[in-house]
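The next block holds one structure in the form of structure tokens; read it before the comments.
Number of protein chains: 2
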Amino acid sequence: MKRSKWASDLHWVREGQQDRSRKTQAALLDSAEELFAEHGIGGATIADISAAAGCSIGAFYHHYQDKRSVQFALFERYATEYEDTNRIALDHERWEGAQVGDILLAYVQVTLANDRGFPARRQATVELARAEPEINSQLIKLKAMLDLGISDLLIARRDEIGHPDPELAVTFVLDQLGSMLRTRMQEPDMPTRFGQHPDEDFAHEAMCSVCAYMQIELPAEV
Amino acid sequence: MKRSKWASDLHWVREGQQDRSRKTQAALLDSAEELFAEHGIGGATIADISAAAGCSIGAFYHHYQDKRSVQFALFERYATEYEDTNRIALDHERWEGAQVGDILLAYVQVTLANDRGFPARRQATVELARAEPEINSQLIKLKAMLDLGISDLLIARRDEIGHPDPELAVTFVLDQLGSMLRTRMQEPDMPTRFGQHPDEDFAHEAMCSVCAYMQIELPAEV
DNA sequence: ATTATCTATAGATCTATAGATAATGC
DNA sequence: ATTATCTATAGATCTATAGATAATGC
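Rendered as structure tokens:
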């Protein structure tokens, strides 16, 4: 039976142990993510992480062997989400009828929305990659997969591109947009730079720049 | 008397104490810079820094009160160099006869050369800014000063710029180039991105992109 | 006499464990 | 009976100091 909207958020029964366990683990990962992003991995102690997750140091060690294993678990969670999202997003059928500019604009918009939603995620992942070479190479592979996926979509539309070397132009543009998006999230405080302007204006100027460089049509929504 | 070129590198006399002191301090700063950049501030112990500088922990504490004071000293050194360089580079007389594209190309080339020469400096400074709010705001001021200086040079040549909003275009372009340069230094390993291409090709494509967006002339050297 | 360095170590901090208690599952 | 959590703490690591030694300056 479907519960009424009034009741749907209430829980009369106690949670099972598995739920409890999952929740603690997730809370520990969330806290680790935030603290790693803010203070670096070395700057976040296990006591900090446990306290932020609302549990004890003992509980921490019940779920994770040590700090390193949290690092790997955190990356695992990130990698799974990242792959799943990209698999859906890069499906060729999804983009039937789309032009080069539409795909690039979507890339910008989706990345902005993602990073706004989870502001610590990007920085925490950077920290993980720096601390663990294994994670670093995994992360490079993940990003390369996304780049290749978008490249495929764009190169399939190479006839639209007026730039004399479409492959080079695609590589350059993905690097350019990726760099700007990263800076926009990591350094929002620079008074003289574009971080002060709203996301919409950023997307607009970025598309103008990209379209002028590649010599493609400006997407309709801009 | 000018010493012969054979002798100019030899030192028969012992260094004075002040030289010795200065050298140890500089070596400690250099080591701290490198280790902060590689492992983060929390990941670099005082023992690590001292060992890398070729001195003891005791010597460290003779020169610096604690880790924090090295952080400030390191930033101080960076800030001084940065300001001095920019004061010279941003002199309006220096750029007489230069066009917008010339100035932007010089910005790209000088930044590349600087970062190649001191690969750890940028990352270490990022770490310092994150650890100390005081350093962070100082750093923002320094960068803002450079941005404003370049902006002034470019806006003084606004007649060359075809973009409908020259001020906006200048802000956007400085953000764009700055972002790409930063990514180029910090993430050189991405196989699908432009880091794989040589600096000359990067500068070329960056200038093509910027000139197409701003609607200015491509500088002669590109 | 002063400055720079070293070795050795006390004290602080952090990690990781042991042993006890509380919550669920059968 | 099993799983999840807690408190208390041993052991490891790091910071920062004390006291001794070596190098320069007068």
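In the order they appear, the protein sequences are chains P and C.
Converting from the first sequence to our numbering requires adding 67 to each position, the first position being numbered 1.
Converting from the second sequence to our numbering requires adding 67 to each position, the first position being numbered 1.
Note that CB positions come from ideal geometry on N, CA and C, so glycine has one too.
| Going by Cα to Cα distance, which pick from P:E199, P:A279, P:A99, P:N203 is closest to P231 (chain P)? | Locating residue 231 (chain P) in the first sequence gives position 164, where the first residue counts as 1. Here the closest residue by C-alpha is P:A279.
| query | Excluding sequence positions up to five away, which residues of its chain have a Cβ less than 8 Å from the Cβ of H271 (chain C)? | reply | As a first step, residue 271 (chain C) must be located in the second sequence, where it is residue number 204. The answer, listed in chain order, is V289.
| Neighbour flag for L47 (chain P) against chain C, beta carbons, 8 Å | Residue 47 (chain P) cannot be examined here, being either before or after the span of chain P that is shown, 68 to 289.
| query | What in chain P is Cβ-close to Y131 (chain C), meaning under 8 Å? | reply | By 1-based counting over the second sequence, the position of residue 131 (chain C) is 64. Within 8 Å Cβ-Cβ: nothing; Y131 (chain C) doesn't reach chain P, min ~19 Å.
| Three-state class that DSSP yields for T152 (chain P) in the structure shown | Residue numbering aside, residue 152 (chain P) sits at position 85 when the first sequence is read from its first letter. Here T152 (chain P) sits in helix by DSSP.
| task | Kindly list the residues whose CB is nearer than 7 Å to the CB of H130 (chain C), restricted to its own chain and excluding five residues on each side of it in sequence; keep chain order. | result | Taking the first residue of the second sequence as position 1, residue 130 (chain C) is located at position 63. These residues qualify, in order along the chain: T91, Q92, L95.
| Applying the criterion that 16 or more other CB atoms from any shown protein chain within 10 Å of the CB defines a buried residue, is A290 (chain C) buried or exposed? | Summary: the structure shown does not reach residue 290 (chain C), with chain C confined to residues 68 through 289, and so no result is reported for it.
| field | Start-end ranges of the alpha helix (DSSP H) lying completely within the stretch 72–145 of chain P, minimum 4 residues | value | 84–110, 113–119, 124–130
| Cutoff 6 Å; reference A111 (chain C); Cβ partners in own chain excluding five residues on either side | Residue mapping note: residue 111 (chain C) aligns to position 44 of the second sequence, counting from 1. The answer, listed in chain order, is L102, F103.
| Sequence-distant residues of its chain with Cβ nearer than 8 Å to Q205 (chain P) (five each side left out) | In the first sequence, the residue the question calls residue 205 (chain P) occupies position 138. The answer, listed in chain order, is F142, A146.
| Selection from C:I155, C:R197, C:G229, C:V175 that minimises the alpha carbon distance to G109 (chain C) | Numbered from its first residue, the second sequence carries residue 109 (chain C) at position 42. If we check each option's Cα against that of G109 (chain C), C:R197 comes out closest.
| task | Please check the pair T152 (chain P) and R260 (chain C), which I expect to be a contact at CB under 8 Å, by giving their CB distance rounded to whole angstroms. | result | Your numbering for residue 152 (chain P) matches position 85 in the first sequence. Your numbering for residue 260 (chain C) matches position 193 in the second sequence. About 20 Å; that fails the 8 Å criterion.
| request: Kindly indicate which residue of C:L248, C:I116, C:A173 has the alpha-carbon position closest to the one of P286 (chain C). | output: Here residue 286 (chain C) refers to the residue found at position 219 of the second sequence. Comparing Cα-Cα distances from P286 (chain C) to each of C:L248, C:I116, C:A173, the minimum goes to C:A173.
| query | With 16 as the cutoff for other CB atoms within 10 Å, does I124 (chain C) come out buried or exposed? | reply | Start at 1 with the first residue of the second sequence, and residue 124 (chain C) comes out as number 57. It is exposed - the Cβ of I124 (chain C) has fewer than 16 other Cβ atoms within 10 Å.
| message | Give me the chain P residues within the contact set of D219 (chain C), using Cβ-Cβ distance strictly less than 7 Å, ordered along the chain. | response | By 1-based counting over the second sequence, the position of residue 219 (chain C) is 152. Within 7 Å Cβ-Cβ: nothing; D219 (chain C) doesn't reach chain P, min ~11 Å.
| query | From the beta carbon of R260 (chain C), is the nearest beta carbon of chain P less than 8 Å away? | reply | Counting from one through the second sequence, the residue named residue 260 (chain C) turns up at place 193. So yes, R260 (chain C) belongs to the interface.
| query | Who are the near neighbours of R87 (chain P) in its chain, counting only those whose CB is closer than 7 Å to its CB and skipping five residues on each side? | reply | Taking the first residue of the first sequence as position 1, residue 87 (chain P) is located at position 20. Result list for R87 (chain P): empty, nothing under 7 Å.
| request: Return no unless some Cβ of chain C is closer than 8 Å to the Cβ of Y280 (chain P). | output: As a first step, residue 280 (chain P) is located in the first sequence; it is residue number 213 there, counting from the start. Yes, Y280 (chain P) lies at the interface with chain C (some Cβ there is under 8 Å from its Cβ).
| How many angstroms separate the CA atom of D219 (chain C) from the CA atom of L171 (chain C)? | Numbered from its first residue, the second sequence carries residue 219 (chain C) at position 152. Numbered from its first residue, the second sequence carries residue 171 (chain C) at position 104. Taking the straight line joining both Cα atoms gives about 12 Å.
| If we ignore side chains and look at the alpha-carbon of each, how far apart do C122 (chain C) and A223 (chain P) end up? | The residue given as residue 122 (chain C) occupies position 55 in the second sequence. The residue given as residue 223 (chain P) occupies position 156 in the first sequence. When rounded, the distance between both Cα atoms is 59 Å.
| message | I'd like to know whether the C-beta of E199 (chain C) is nearer than 8 Å to at least one C-beta of chain P. | response | In the second sequence, residue 199 (chain C) corresponds to position 132, counting from 1. With 8 Å as the cut-off, E199 (chain C) does not count as an interface residue toward chain P.
| request: Run the CB neighbour count on R188 (chain C), radius 10 Å, all protein chains shown included, and call it buried at 16 or more, exposed below. | output: Along the second sequence, one-based indexing puts residue 188 (chain C) at 121. When all chains shown are included, R188 (chain C) counts as buried.
| What did DSSP end up calling G262 (chain P) once you bin it into helix, strand or coil? | Walking along the first sequence from the start, residue 262 (chain P) turns up at place 195. Here G262 (chain P) sits in helix by DSSP.
| request: Determine which residues of the stretch 176–199 of chain P have a Cβ less than 7 Å from any Cβ of chain C, and write them out in chain order. | output: none
| field | For E163 (chain P), three-class secondary structure by DSSP | value | Counting from one through the first sequence, the residue named residue 163 (chain P) turns up at place 96. Coil.
| said: Contact criterion: CB-CB distance below 8 Å. Does G250 (chain P) meet it with respect to chain C? | reply: In the first sequence, residue 250 (chain P) corresponds to position 183, counting from 1. Residue identity check: residue 250 (chain P) is Thr in the sequence provided, not Gly. Answer yes: the Cβ-Cβ gap between T250 (chain P) and chain C drops below 8 Å somewhere.
| query | Are the C-beta atoms of I170 (chain C) and some chain P residue less than 8 Å apart? | reply | Within the second sequence, numbered from 1, the residue matching residue 170 (chain C) stands at position 103. So no, I170 (chain C) is outside the interface.
| query | How would you write the range of the alpha helix (DSSP H) that L213 (chain C) sits in, first residue to last? | reply | Your numbering for residue 213 (chain C) matches position 146 in the second sequence. 200–222 is the span of the alpha helix (DSSP H), which, as asked, contains L213 (chain C).
| query | Should A236 (chain P) go down as buried or exposed, given a rule of 16 or more other Cβ atoms within 10 Å for buried? | reply | Walking along the first sequence from the start, residue 236 (chain P) turns up at place 169. The residue is buried, with at least 16 neighbouring Cβ atoms inside 10 Å.
| 8 Å Cβ shell around G229 (chain P) - same chain, five flanking residues per side excluded | Position 162 of the first sequence, counted from the start, is the residue given in the question as residue 229 (chain P). The residues are M281, Q282, I283.
| For L179 (chain P) versus D266 (chain P), is the C-beta spacing smaller than 8 Å? | Residue 179 (chain P) sits at position 112 when you count from the first residue of the first sequence. Residue 266 (chain P) sits at position 199 when you count from the first residue of the first sequence. Closer than 8 Å, so yes.
| Is the distance from the Cβ of D242 (chain P) to the Cβ of M274 (chain C) below 8 Å? | Taking the first sequence and counting its residues from 1, the one referred to as residue 242 (chain P) is at position 175. Taking the second sequence and counting its residues from 1, the one referred to as residue 274 (chain C) is at position 207. For D242 (chain P) and M274 (chain C), no; Cβs fall outside 8 Å.
| What whole-angstrom Cβ distance do R249 (chain C) and G262 (chain C) have, given they're in contact under 8 Å? | Taking the second sequence and counting its residues from 1, one reaches residue 249 (chain C) at position 182. Taking the second sequence and counting its residues from 1, one reaches residue 262 (chain C) at position 195. With a Cβ gap of about 12 Å, R249 (chain C) and G262 (chain C) do not count as contacting.
| field | Proximal residues to A191 (chain P) (C-beta, below 6 Å), its chain only, five neighbours per side dropped | value | Taking the first sequence and counting its residues from 1, one reaches residue 191 (chain P) at position 124. These residues qualify, in order along the chain: E100, F103, A104.
| Using a C-beta cutoff of 8 Å, does D266 (chain P) count as contacting chain C? | Mapped onto the first sequence, residue 266 (chain P) falls at position 199. Judged by the 8 Å Cβ criterion, D266 (chain P) is not in contact with chain C.
| Per-residue burial, Q85 (chain P) [other beta carbons within 10 Å of its own, 16 or more giving buried] | Taking the first sequence and counting its residues from 1, the one referred to as residue 85 (chain P) is at position 18. Q85 (chain P) should be labelled exposed.
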